[in-house]
Structures are given as structure tokens and as C-alpha cells.
Amino acid sequence: MKYQPLSYKEIEAVVHKGETVPAGVTRFNISGRCLNLQVPLALLKQDDDVEQLRNWKQFLADKFANMRCYTEKVYLVEQ
């Protein structure tokens, strides 16, 4: 089954009514999204903001060293 494209306003109206649409109807292509980052919850729950920022930057630096960019602008972080 193929559905007609919906505008953002049409989707917004559906949401405000508390209704839903069938799966696949609201497919959004987000250019440059990052997949499979797998951020540890412990990193996000740290109390010390300075330490958390330092750890976050190190985490990202380590992950970005293994990042691949696909032609459709999807970033996949491999383990």
C-alpha cells in the first residue's frame, strides 16, 4: 500500500487529535544522523559537570576515530 505524502501541518494536526498514522507513513530522512553511538548511562549520570564534560569529550573522540560516513549521510559508529 502506498500513502500520499503528508505535510508537517497535517502530521501536527493528527498528533494534536491524539491519533496515529500507519507505520512507515511518517518516514523522515535526517541527513548527518549518527547511529550506534551507544553512550553508557553512567557517563550521562555523572554528578561532576567538569568531569562529565571531560569524559564526554574523550568518549566522542574515541568513537569518532572509528566513524564511517555513508553516501546518504548516515554515520555509523563501530565497536
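Once you know that position 13 of the sequence shown is 12 in numbering that gives the first Met the number 0, the rest is easy, because the numbers rise by one and skip nothing. Cβ atoms here follow ideal geometry from the backbone N, Cα and C, with glycine treated the same way.
Anyone know if the C-beta pair for residue i and residue j falls short of 8 Å?
i: Tyr-74; j: Leu-34; result: yes
i: Ser-76; j: Lys-62; result: Here the sequence assigns Val to residue 76, which means Ser is not the residue at that position. Yes, they are a contact pair.
Judging by CA-CA distance, which residue of the options is the nearest neighbour of residue i?
i: Ala-60; options: Gln-45, Glu-71, His-15 and Val-38; result: Val-38
i: Pro-4; options: Asn-65, Val-20, Gln-51 and Lys-16; result: Val-20
i: Met-66; options: Val-24, Gln-45, Glu-11 and Gly-31; result: Gly-31
i: Arg-26; options: Tyr-2, Gly-17, Thr-70 and Arg-53; result: Tyr-2
- [ ] List in chain order: all unbroken alpha helix (DSSP H) runs of 4+ residues lying wholly within the stretch 0–60.
- [x] Scanning the stretch 0–60 for uninterrupted alpha helix (DSSP H) segments of 4 residues or longer gives 7–15 and 40–43, listed from N- to C-terminal end.
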